[in-house]
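Asks: Following this message is one structure expressed as C-alpha coordinates.
In this note's numbering, the protein residues as written are 26 to 428.
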(Lines of atoms letter the chains of each structure in order from A and count residues from 1; the text may use other names and numbers.)
(Lines give C-alpha, C1' and ligand atoms only; values in the text may rest on other atoms or scores of the structure.)
Protein backbone atom coordinates (compact mmCIF):
# COMPACT_ATOMS: atom_id res chain seq x y z
CA UNK A 1 0.00 0.00 0.00
CA UNK A 2 1.40 3.34 -1.08
CA UNK A 3 2.11 6.01 1.55
CA UNK A 4 0.39 9.29 0.79
CA UNK A 5 2.55 12.41 0.09
CA UNK A 6 0.88 14.16 3.02
CA UNK A 7 2.04 11.47 5.48
CA UNK A 8 5.58 11.64 4.05
CA UNK A 9 5.59 15.42 4.49
CA UNK A 10 4.41 15.11 8.10
CA UNK A 11 7.06 12.50 8.86
CA UNK A 12 9.75 14.74 7.38
CA UNK A 13 8.55 17.68 9.47
CA UNK A 14 8.63 15.62 12.65
CA UNK A 15 12.11 14.31 11.91
CA UNK A 16 13.39 17.80 11.05
CA UNK A 17 11.90 19.18 14.22
CA UNK A 18 13.51 16.44 16.23
CA UNK A 19 16.88 17.12 14.64
CA UNK A 20 16.66 20.85 15.33
CA UNK A 21 15.70 20.23 18.95
CA UNK A 22 18.78 18.13 19.71
CA UNK A 23 20.64 19.58 22.67
CA UNK A 24 24.39 19.24 22.99
CA UNK A 25 26.09 18.21 26.20
CA UNK A 26 29.35 19.52 27.58
CA UNK A 27 31.30 16.61 26.08
CA UNK A 28 29.90 17.51 22.64
CA UNK A 29 31.17 21.06 23.03
CA UNK A 30 34.58 19.74 24.06
CA UNK A 31 34.79 17.78 20.80
CA UNK A 32 33.86 20.88 18.79
CA UNK A 33 36.47 22.91 20.65
CA UNK A 34 39.20 20.40 19.79
CA UNK A 35 38.06 20.49 16.14
CA UNK A 36 37.94 24.31 16.20
CA UNK A 37 34.45 24.09 14.80
CA UNK A 38 33.53 27.64 15.83
CA UNK A 39 30.16 27.92 14.11
CA UNK A 40 28.63 24.71 15.46
CA UNK A 41 30.09 25.26 18.93
CA UNK A 42 28.63 28.76 19.23
CA UNK A 43 25.32 27.60 17.84
CA UNK A 44 24.98 25.15 20.75
CA UNK A 45 27.01 26.80 23.52
CA UNK A 46 23.87 27.76 25.40
CA UNK A 47 22.43 24.26 25.26
CA UNK A 48 24.18 23.73 28.58
CA UNK A 49 21.85 24.44 31.49
CA UNK A 50 22.69 27.67 33.41
CA UNK A 51 23.42 25.67 36.56
CA UNK A 52 26.08 23.70 34.68
CA UNK A 53 27.84 26.65 33.05
CA UNK A 54 30.96 26.42 35.12
CA UNK A 55 34.41 27.89 34.67
CA UNK A 56 35.37 25.22 32.15
CA UNK A 57 32.33 26.03 30.02
CA UNK A 58 33.09 29.75 30.12
CA UNK A 59 36.75 29.25 29.20
CA UNK A 60 35.72 27.15 26.20
CA UNK A 61 33.15 29.80 25.24
CA UNK A 62 35.78 32.54 25.39
CA UNK A 63 38.33 30.52 23.41
CA UNK A 64 35.86 29.66 20.65
CA UNK A 65 34.31 33.12 20.51
CA UNK A 66 37.72 34.76 20.14
CA UNK A 67 38.72 32.08 17.64
CA UNK A 68 35.66 32.89 15.54
CA UNK A 69 36.50 36.59 15.46
CA UNK A 70 40.12 35.89 14.51
CA UNK A 71 38.96 33.57 11.74
CA UNK A 72 36.48 36.12 10.38
CA UNK A 73 39.14 38.84 10.35
CA UNK A 74 41.67 36.52 8.69
CA UNK A 75 39.20 35.55 5.96
CA UNK A 76 37.99 39.19 5.62
CA UNK A 77 34.43 38.18 6.34
CA UNK A 78 32.89 41.58 7.08
CA UNK A 79 29.30 40.84 6.17
CA UNK A 80 26.36 42.19 8.14
CA UNK A 81 25.38 38.62 9.11
CA UNK A 82 28.79 37.91 10.63
CA UNK A 83 28.93 41.30 12.33
CA UNK A 84 25.56 40.67 13.99
CA UNK A 85 26.64 37.17 14.98
CA UNK A 86 29.67 38.60 16.79
CA UNK A 87 27.55 41.33 18.34
CA UNK A 88 25.10 38.76 19.69
CA UNK A 89 28.01 36.98 21.38
CA UNK A 90 29.48 40.24 22.67
CA UNK A 91 26.21 41.33 24.22
CA UNK A 92 25.59 37.98 25.93
CA UNK A 93 25.83 37.87 29.71
CA UNK A 94 28.80 35.51 29.50
CA UNK A 95 30.93 37.74 27.23
CA UNK A 96 29.65 41.22 28.07
CA UNK A 97 32.23 41.72 30.83
CA UNK A 98 35.01 39.70 29.26
CA UNK A 99 37.68 42.31 28.46
CA UNK A 100 39.64 40.05 26.11
CA UNK A 101 36.65 39.23 23.95
CA UNK A 102 35.40 42.82 24.00
CA UNK A 103 38.76 43.93 22.66
CA UNK A 104 38.48 41.41 19.81
CA UNK A 105 34.90 42.52 19.21
CA UNK A 106 36.05 46.15 18.89
CA UNK A 107 38.83 45.25 16.46
CA UNK A 108 36.37 43.40 14.25
CA UNK A 109 33.72 46.13 14.50
CA UNK A 110 36.13 48.88 13.38
CA UNK A 111 37.10 46.83 10.36
CA UNK A 112 33.46 46.07 9.63
CA UNK A 113 32.40 49.74 9.77
CA UNK A 114 35.33 50.76 7.59
CA UNK A 115 34.23 48.22 4.98
CA UNK A 116 30.58 49.17 5.44
CA UNK A 117 31.20 52.81 4.52
CA UNK A 118 33.62 51.79 1.78
CA UNK A 119 30.84 49.82 0.10
CA UNK A 120 28.58 52.86 0.36
CA UNK A 121 31.19 54.99 -1.43
CA UNK A 122 31.07 52.59 -4.40
CA UNK A 123 27.31 52.97 -4.89
CA UNK A 124 25.85 55.32 -7.48
CA UNK A 125 22.09 55.28 -6.82
CA UNK A 126 21.19 58.08 -4.37
CA UNK A 127 18.42 56.19 -2.58
CA UNK A 128 20.64 53.14 -2.17
CA UNK A 129 23.50 55.30 -0.86
CA UNK A 130 21.28 56.88 1.79
CA UNK A 131 19.81 53.53 2.77
CA UNK A 132 23.16 51.77 3.16
CA UNK A 133 24.84 54.72 4.86
CA UNK A 134 21.99 54.92 7.34
CA UNK A 135 22.46 51.19 8.04
CA UNK A 136 26.19 51.71 8.74
CA UNK A 137 25.46 54.62 11.07
CA UNK A 138 22.64 52.80 12.88
CA UNK A 139 24.78 49.73 13.52
CA UNK A 140 27.71 51.87 14.65
CA UNK A 141 25.53 53.78 17.10
CA UNK A 142 24.13 50.54 18.48
CA UNK A 143 27.63 49.06 18.78
CA UNK A 144 28.80 52.10 20.76
CA UNK A 145 25.74 51.94 23.02
CA UNK A 146 26.64 48.37 24.03
CA UNK A 147 30.36 49.15 24.48
CA UNK A 148 32.39 50.16 27.53
CA UNK A 149 32.95 53.70 26.15
CA UNK A 150 36.69 53.25 25.90
CA UNK A 151 38.33 56.59 24.91
CA UNK A 152 40.51 55.07 22.19
CA UNK A 153 37.57 53.19 20.70
CA UNK A 154 35.46 56.34 20.69
CA UNK A 155 38.16 58.30 18.85
CA UNK A 156 38.56 55.50 16.29
CA UNK A 157 34.83 55.44 15.60
CA UNK A 158 34.75 59.24 15.31
CA UNK A 159 37.60 59.03 12.80
CA UNK A 160 35.67 56.50 10.70
CA UNK A 161 32.59 58.73 10.71
CA UNK A 162 34.58 61.87 9.94
CA UNK A 163 36.46 60.30 7.03
CA UNK A 164 33.12 59.25 5.53
CA UNK A 165 31.44 62.67 5.92
CA UNK A 166 28.83 61.31 8.29
CA UNK A 167 26.15 63.68 9.54
CA UNK A 168 25.93 61.68 12.77
CA UNK A 169 26.65 63.80 15.84
CA UNK A 170 30.08 62.76 17.02
CA UNK A 171 30.46 64.37 20.44
CA UNK A 172 29.38 61.16 22.18
CA UNK A 173 32.47 59.44 20.72
CA UNK A 174 34.87 62.18 21.87
CA UNK A 175 33.38 62.71 25.32
CA UNK A 176 35.05 59.70 27.07
CA UNK A 177 38.51 60.90 26.01
CA UNK A 178 37.77 64.45 27.12
CA UNK A 179 36.56 63.29 30.53
CA UNK A 180 39.30 60.66 30.99
CA UNK A 181 41.99 60.78 33.69
CA UNK A 182 44.57 61.41 30.94
CA UNK A 183 42.41 63.96 29.12
CA UNK A 184 45.44 66.22 28.81
CA UNK A 185 46.99 63.61 26.49
CA UNK A 186 43.89 63.14 24.35
CA UNK A 187 43.16 66.87 24.17
CA UNK A 188 46.54 67.50 22.56
CA UNK A 189 45.30 65.69 19.46
CA UNK A 190 44.18 68.11 16.67
CA UNK A 191 41.07 66.05 15.92
CA UNK A 192 39.97 66.21 19.55
CA UNK A 193 40.67 69.94 19.73
CA UNK A 194 38.57 70.51 16.61
CA UNK A 195 35.74 68.47 18.12
CA UNK A 196 35.88 70.52 21.33
CA UNK A 197 35.77 73.81 19.43
CA UNK A 198 32.86 72.55 17.36
CA UNK A 199 30.99 71.54 20.52
CA UNK A 200 31.64 74.94 22.12
CA UNK A 201 30.38 76.70 18.98
CA UNK A 202 27.21 74.60 19.00
CA UNK A 203 26.57 75.29 22.67
CA UNK A 204 27.18 79.04 22.50
CA UNK A 205 25.07 79.45 19.35
CA UNK A 206 22.18 77.54 20.94
CA UNK A 207 19.11 79.57 21.85
CA UNK A 208 19.21 77.91 25.28
CA UNK A 209 22.68 79.27 26.14
CA UNK A 210 22.45 81.77 29.00
CA UNK A 211 25.79 83.49 28.36
CA UNK A 212 27.63 81.91 31.32
CA UNK A 213 30.84 80.70 29.66
CA UNK A 214 32.41 79.50 32.89
CA UNK A 215 29.51 77.14 33.54
CA UNK A 216 29.69 75.98 29.93
CA UNK A 217 33.37 75.08 30.27
CA UNK A 218 32.75 73.19 33.53
CA UNK A 219 29.97 71.20 31.88
CA UNK A 220 31.72 70.33 28.62
CA UNK A 221 35.39 69.99 29.63
CA UNK A 222 37.65 68.99 32.46
CA UNK A 223 40.40 71.39 33.61
CA UNK A 224 43.03 69.03 32.16
CA UNK A 225 41.42 69.21 28.74
CA UNK A 226 40.71 72.93 28.86
CA UNK A 227 44.38 73.71 29.47
CA UNK A 228 45.17 72.02 26.15
CA UNK A 229 42.43 73.97 24.34
CA UNK A 230 43.75 77.40 25.32
CA UNK A 231 46.27 77.53 22.46
CA UNK A 232 43.74 76.49 19.75
CA UNK A 233 41.32 79.12 21.11
CA UNK A 234 44.03 81.78 20.83
CA UNK A 235 44.69 80.60 17.28
CA UNK A 236 41.00 81.22 16.54
CA UNK A 237 41.52 84.81 17.68
CA UNK A 238 44.60 85.40 15.55
CA UNK A 239 43.56 83.45 12.44
CA UNK A 240 42.24 85.17 9.32
CA UNK A 241 40.28 81.99 8.51
CA UNK A 242 37.83 82.38 11.40
CA UNK A 243 34.89 84.77 11.37
CA UNK A 244 33.76 87.37 13.87
CA UNK A 245 31.39 85.01 15.67
CA UNK A 246 34.14 82.43 16.14
CA UNK A 247 36.52 85.06 17.48
CA UNK A 248 33.91 86.46 19.85
CA UNK A 249 33.19 83.00 21.24
CA UNK A 250 36.89 82.25 21.75
CA UNK A 251 37.50 85.59 23.42
CA UNK A 252 34.56 85.16 25.80
CA UNK A 253 35.70 81.67 26.83
CA UNK A 254 39.32 82.67 27.37
CA UNK A 255 38.34 85.80 29.30
CA UNK A 256 35.97 83.82 31.53
CA UNK A 257 38.89 81.60 32.57
CA UNK A 258 41.39 84.48 32.87
CA UNK A 259 43.60 83.10 30.09
CA UNK A 260 44.30 86.36 28.24
CA UNK A 261 46.98 88.88 29.19
CA UNK A 262 46.46 92.61 28.67
CA UNK A 263 48.78 92.57 25.65
CA UNK A 264 46.86 89.65 24.13
CA UNK A 265 43.55 91.41 24.67
CA UNK A 266 44.88 94.45 22.80
CA UNK A 267 46.24 92.37 19.91
CA UNK A 268 43.12 90.24 19.52
CA UNK A 269 40.91 93.34 19.65
CA UNK A 270 42.76 94.72 16.64
CA UNK A 271 42.59 91.42 14.75
CA UNK A 272 38.89 91.20 15.61
CA UNK A 273 38.18 94.60 14.04
CA UNK A 274 40.29 94.04 10.93
CA UNK A 275 38.83 90.60 10.17
CA UNK A 276 35.19 91.64 10.20
CA UNK A 277 33.72 92.09 13.68
CA UNK A 278 30.19 91.33 14.83
CA UNK A 279 28.30 94.43 15.85
CA UNK A 280 27.91 94.35 19.64
CA UNK A 281 29.74 94.71 22.93
CA UNK A 282 32.98 93.12 21.72
CA UNK A 283 33.18 95.45 18.74
CA UNK A 284 32.60 98.46 20.99
CA UNK A 285 35.33 97.33 23.40
CA UNK A 286 37.76 96.70 20.52
CA UNK A 287 36.93 100.11 19.03
CA UNK A 288 37.76 101.86 22.31
CA UNK A 289 41.06 99.94 22.57
CA UNK A 290 42.14 101.27 19.18
CA UNK A 291 41.09 104.80 20.15
CA UNK A 292 43.28 104.50 23.26
CA UNK A 293 46.33 103.78 21.08
CA UNK A 294 46.37 107.39 19.89
CA UNK A 295 48.26 108.50 22.98
CA UNK A 296 50.89 105.73 23.08
CA UNK A 297 53.42 105.43 20.27
CA UNK A 298 55.33 102.78 22.22
CA UNK A 299 52.23 100.60 22.56
CA UNK A 300 51.48 100.96 18.86
CA UNK A 301 54.99 99.82 17.96
CA UNK A 302 54.70 96.82 20.27
CA UNK A 303 51.40 95.81 18.66
CA UNK A 304 52.80 96.32 15.18
CA UNK A 305 55.69 93.97 15.98
CA UNK A 306 53.17 91.35 17.14
CA UNK A 307 51.14 91.76 13.95
CA UNK A 308 54.27 91.33 11.83
CA UNK A 309 54.79 87.92 13.46
CA UNK A 310 51.31 86.65 12.59
CA UNK A 311 51.09 84.04 9.79
CA UNK A 312 48.85 86.45 7.86
CA UNK A 313 48.18 90.15 8.33
CA UNK A 314 44.52 90.62 9.37
CA UNK A 315 42.87 92.34 6.39
CA UNK A 316 39.39 90.99 5.61
CA UNK A 317 37.83 94.47 5.75
CA UNK A 318 40.12 95.56 2.91
CA UNK A 319 38.30 93.23 0.52
CA UNK A 320 35.70 95.98 0.16
CA UNK A 321 37.19 99.06 1.85
CA UNK A 322 34.44 101.38 0.67
CA UNK A 323 31.66 99.65 2.58
CA UNK A 324 30.46 102.08 5.29
CA UNK A 325 31.39 99.79 8.19
CA UNK A 326 34.76 98.86 6.72
CA UNK A 327 35.57 102.46 5.85
CA UNK A 328 34.71 103.57 9.39
CA UNK A 329 37.08 100.96 10.88
CA UNK A 330 39.88 101.88 8.45
CA UNK A 331 39.46 105.57 9.30
CA UNK A 332 39.64 104.60 12.99
CA UNK A 333 43.05 103.02 12.35
CA UNK A 334 44.20 105.91 10.16
CA UNK A 335 43.57 108.28 13.03
CA UNK A 336 44.77 106.16 15.96
CA UNK A 337 47.10 103.48 14.55
CA UNK A 338 48.42 104.79 11.20
CA UNK A 339 51.56 102.64 11.47
CA UNK A 340 49.47 99.54 10.86
CA UNK A 341 47.90 100.82 7.62
CA UNK A 342 51.23 102.06 6.36
CA UNK A 343 52.87 98.72 7.13
CA UNK A 344 50.08 96.86 5.36
CA UNK A 345 50.26 99.20 2.36
CA UNK A 346 54.05 98.91 2.01
CA UNK A 347 53.88 95.11 2.36
CA UNK A 348 51.20 95.00 -0.33
CA UNK A 349 53.36 97.03 -2.71
CA UNK A 350 56.19 94.50 -2.28
CA UNK A 351 53.73 91.61 -2.65
CA UNK A 352 52.16 92.92 -5.87
CA UNK A 353 55.46 93.96 -7.46
CA UNK A 354 57.35 90.81 -6.37
CA UNK A 355 60.17 93.12 -5.31
CA UNK A 356 61.46 90.82 -2.59
CA UNK A 357 62.35 87.15 -2.28
CA UNK A 358 61.15 87.07 1.32
CA UNK A 359 57.86 85.34 2.11
CA UNK A 360 55.29 88.01 2.87
CA UNK A 361 52.36 87.42 5.23
CA UNK A 362 49.71 88.85 2.89
CA UNK A 363 46.56 86.88 2.09
CA UNK A 364 45.97 87.98 -1.53
CA UNK A 365 46.89 90.51 -4.18
CA UNK A 366 43.18 91.23 -4.65
CA UNK A 367 42.71 92.63 -1.15
CA UNK A 368 46.00 94.49 -1.44
CA UNK A 369 44.92 96.10 -4.71
CA UNK A 370 41.48 97.07 -3.38
CA UNK A 371 43.03 98.65 -0.30
CA UNK A 372 45.72 100.54 -2.21
CA UNK A 373 43.21 101.88 -4.74
CA UNK A 374 40.95 103.15 -1.95
CA UNK A 375 43.94 104.44 0.04
CA UNK A 376 45.23 106.37 -2.99
CA UNK A 377 41.93 108.22 -3.16
CA UNK A 378 42.38 109.46 0.41
CA UNK A 379 45.49 111.35 -0.74
CA UNK A 380 43.30 113.61 -2.88
CA UNK A 381 42.20 116.51 -0.66
CA UNK A 382 39.39 117.38 -3.03
CA UNK A 383 37.64 114.01 -2.73
CA UNK A 384 38.39 112.98 0.85
CA UNK A 385 37.95 114.63 4.20
CA UNK A 386 39.89 112.88 6.95
CA UNK A 387 43.24 111.26 7.70
CA UNK A 388 45.01 109.66 4.70
CA UNK A 389 45.35 105.89 4.96
CA UNK A 390 48.92 105.61 3.67
CA UNK A 391 52.01 107.81 3.57
CA UNK A 392 53.24 109.71 0.52
CA UNK A 393 56.07 107.21 0.19
CA UNK A 394 53.75 104.18 -0.05
CA UNK A 395 51.47 106.06 -2.46
CA UNK A 396 54.46 106.87 -4.68
CA UNK A 397 55.58 103.23 -4.69
CA UNK A 398 52.09 102.06 -5.62
CA UNK A 399 51.81 104.61 -8.40
CA UNK A 400 55.11 103.42 -9.88
CA UNK A 401 54.07 99.76 -10.11
CA UNK A 402 50.81 100.68 -11.87
CA UNK A 403 52.69 102.22 -14.79
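Heads up, the beta-carbon is just placed ideally off N, CA and C, and yes, glycines get one too.
#1: Which same chain residues end up closer than 7 Å to residue 346 when comparing Cβ atoms and leaving out the 5 residues on each side of it in sequence?
#2: Which of the three DSSP states is assigned to residue 383 in this structure?
#3: For residue 79, which option in 51, 100, 211 and 272 has the closest C-alpha, if you only look at C-alpha atoms?
#4: What residue range does the alpha helix (DSSP H) around residue 91 cover?
#5: Relative to the C-alpha of residue 216, which residue among 132, 249, 203 and 243 is closest?
#6: Using the C-alpha atoms, what's the distance from residue 247 back to residue 425?
#7: Taking the continuous alpha helix (DSSP H) assigned at residue 372, which residues delimit it?
#8: Output the distance between the C-alpha atoms of residue 151 and residue 191, rounded to the nearest integer angstrom.
#9: What's the gap between the Cα of residue 146 and the Cα of residue 160?
#10: At the level of alpha carbons, what is the spacing between residue 227 and residue 413?
#11: If you reduce the DSSP assignment to three classes, tell me which class residue 355 lands in.
#12: In chain order, what are the residue ranges of uninterrupted alpha helix (DSSP H) at least 4 long that sit wholly in the segment 261-343?
#13: Can you list, in chain order, the residues of its chain whose CB lies under 8 Å from that of residue 326, leaving out five sequence neighbours each side?
#14: I'd like the list of long-range same chain contacts for residue 75, defined as Cβ closer than 6 Å, with 5 residues on each side in sequence excluded.
#15: Return yes when the Cβ of residue 271 is within less than 8 Å of the Cβ of residue 299, no when it is not.
#16: At 4 residues or longer, what runs of the alpha helix (DSSP H) sit wholly inside the segment 160-188?
#17: Using 8 Å as the threshold, is the C-beta distance between residue 258 and residue 279 below it?
#18: Note down the Cα distance separating residue 61 from residue 173, rounded to an integer number of angstroms.
#19: Going by Cα to Cα distance, which pick from 290, 320, 324 and 84 is closest to residue 308?
#20: Count the other CB atoms, across all protein chains shown, that sit within 10 Å of the CB of residue 403; report buried if there are 16 or more and exposed otherwise.
#21: Quick check: what's the CA-CA separation for residue 335 versus residue 288?
#22: Which same chain residues end up closer than 7 Å to residue 343 when comparing Cβ atoms and leaving out the 5 residues on each side of it in sequence?
#23: Suppose contacts are defined by Cβ-Cβ distances below 8 Å. Is residue 229 in contact with residue 276 by that definition?
#24: Rounded to whole angstroms, what is the Cα-Cα separation between residue 170 and residue 179?
#25: Check for me: the alpha helix (DSSP H) holding residue 61 runs from which residue to which?
#26: Would you tell me roughly how many angstroms separate the C-alpha atoms of residue 98 and residue 135, rounded to the nearest one?
#27: Hey, quick one: how far does the alpha helix (DSSP H) through residue 393 stretch, first residue to last?
#28: Could you tell me the distance, in whole angstroms, from the CA atom of residue 70 to the CA atom of residue 107?
#29: Can you look up residue 126 in the DSSP assignment and give me helix, strand or coil?
#30: Taking the alpha carbon of residue 389 as the reference point, which residue from 418, 411, 306 and 266 has its own alpha carbon closest?
#31: Quick check: residue 372 and residue 357, are their CB atoms within less than 8 Å of each other?
#32: Ignore the nearest five residues each way along the sequence and tell me which others in residue 303's own chain have a CB closer than 7 Å to its CB.
#33: Do you know offhand how far residue 245's Cα is from residue 262's?
#34: Can you tell me where the alpha helix (DSSP H) holding residue 48 begins and where it ends?
#35: For residue 119, which option in 100, 250 and 89 has the closest C-alpha, if you only look at C-alpha atoms?
#36: Taking the beta carbon of residue 295 as the centre, do at least 16 other beta carbons fall within 10 Å, making it buried, or is it exposed?
Replies: Short version:
#1: To locate residue 346, count along the chain shown from 1; it is residue 321. Within the same chain, residue 346 has close Cβ partners 352, 355, 395, 396 and 399.
#2: Taking the chain shown and counting its residues from 1, the one referred to as residue 383 is at position 358. Here residue 383 sits in coil by DSSP.
#3: Within the chain shown, the letter at position 54 stands for residue 79. Per the Cα distances, 51.
#4: Along the chain shown, one-based indexing puts residue 91 at 66. Taken as a continuous stretch (DSSP letters only), the alpha helix (DSSP H) holding residue 91 covers 80-99.
#5: The count along the chain shown starts at 1 and reaches residue 216 at position 191. Selected option, being the one with the closest Cα: 203.
#6: Counted from its first residue, the chain shown places residue 425 at position 400. Counted from its first residue, the chain shown places residue 247 at position 222. Whole-angstrom Cα-Cα distance: 57 Å.
#7: Within the chain shown, the letter at position 347 stands for residue 372. Segment 363-378, the alpha helix (DSSP H) holding residue 372.
#8: For this step, residue 151 is matched to residue 126 along the chain shown. For this step, residue 191 is matched to residue 166 along the chain shown. Distance between the alpha carbons of residue 151 and residue 191: 15 Å.
#9: The sequence position of residue 146 within the chain shown is 121, counting from 1. The sequence position of residue 160 within the chain shown is 135, counting from 1. Residue 146 and residue 160: Cα-Cα distance of roughly 13 Å.
#10: Here residue 227 refers to the residue found at position 202 of the chain shown. Here residue 413 refers to the residue found at position 388 of the chain shown. Each residue's Cα considered, the two are about 42 Å apart.
#11: Within the chain shown, the letter at position 330 stands for residue 355. It is helical.
#12: 269-281, 287-299, 306-317 and 322-333
#13: In the chain shown, counting from the first residue as 1, residue 326 sits at position 301. 364.
#14: Sequence index remark: in the chain shown, residue 75 carries index 50 (1-based). The answer is none, since no qualifying residue turns up.
#15: By one-based count along the chain shown, residue 299 stands at place 274. By one-based count along the chain shown, residue 271 stands at place 246. No, these two residues do not count as a Cβ contact at 8 Å.
#16: 176-188
#17: Working through the chain shown from its first residue, we reach residue 258 at position 233. Working through the chain shown from its first residue, we reach residue 279 at position 254. In contact: residue 258 and residue 279 (Cβ atoms closer than 8 Å).
#18: Here the question's residue 61 lines up with position 36 in the chain shown. Here the question's residue 173 lines up with position 148 in the chain shown. Their backbone Cα atoms lie some 29 Å apart in a straight line.
#19: Your numbering for residue 308 matches position 283 in the chain shown. Here the closest residue by C-alpha is 290.
#20: Taking the first residue of the chain shown as 1, we reach residue 403 at position 378. So residue 403 ends up on the buried side.
#21: In the chain shown, residue 335 corresponds to position 310, counting from 1. In the chain shown, residue 288 corresponds to position 263, counting from 1. Their Cα atoms are separated by approximately 15 Å.
#22: Residue mapping note: residue 343 aligns to position 318 of the chain shown, counting from 1. Excluding residues within five positions, the ones whose Cβ falls inside 7 Å are 392, 395 and 396.
#23: Within the chain shown, residue 229 is the residue found at index 204, counting from 1. Within the chain shown, residue 276 is the residue found at index 251, counting from 1. Contact: no.
#24: If you number the chain shown from 1, residue 170 lands on position 145. If you number the chain shown from 1, residue 179 lands on position 154. Straight-line Cα distance between these residues: approximately 11 Å.
#25: In the chain shown, the residue the question calls residue 61 occupies position 36. Taken as a continuous stretch (DSSP letters only), residue 61 belongs to no alpha helix (DSSP H), as it is neither H nor E.
#26: For the purposes of this step, residue 98 is identified with residue 73 of the chain shown, where counting begins at 1. For the purposes of this step, residue 135 is identified with residue 110 of the chain shown, where counting begins at 1. Rounded to whole angstroms, residue 98 to residue 135 spans 11 Å at the Cα level.
#27: For the purposes of this step, residue 393 is identified with residue 368 of the chain shown, where counting begins at 1. Where residue 393 is concerned, the enclosing alpha helix (DSSP H) stretches over 390-402.
#28: Counting from one through the chain shown, the residue named residue 70 turns up at place 45. Counting from one through the chain shown, the residue named residue 107 turns up at place 82. One C-alpha to the other measures close to 17 Å.
#29: The sequence position of residue 126 within the chain shown is 101, counting from 1. The answer is helix: DSSP assigns residue 126 an H, G or I state.
#30: Counting from one through the chain shown, the residue named residue 389 turns up at place 364. Here the closest residue by C-alpha is 266.
#31: Residue numbering aside, residue 372 sits at position 347 when the chain shown is read from its first letter. Residue numbering aside, residue 357 sits at position 332 when the chain shown is read from its first letter. No, the Cβ-Cβ distance between residue 372 and residue 357 is not below 8 Å.
#32: Counted from its first residue, the chain shown places residue 303 at position 278. Hits under 7 Å: 269, 270 and 273.
#33: The sequence position of residue 245 within the chain shown is 220, counting from 1. The sequence position of residue 262 within the chain shown is 237, counting from 1. Rounded to the nearest angstrom, the two C-alpha atoms are 21 Å apart.
#34: As a first step, residue 48 is located in the chain shown; it is residue number 23 there, counting from the start. Unbroken run through residue 48: none, as it is neither H nor E.
#35: On the chain shown, position 94 is the one that residue 119 refers to. Among 100, 250 and 89, the Cα nearest to that of residue 119 belongs to 89.
#36: For the purposes of this step, residue 295 is taken as residue 270 along the chain shown, with counting starting at 1. Under this definition residue 295 is a buried residue.
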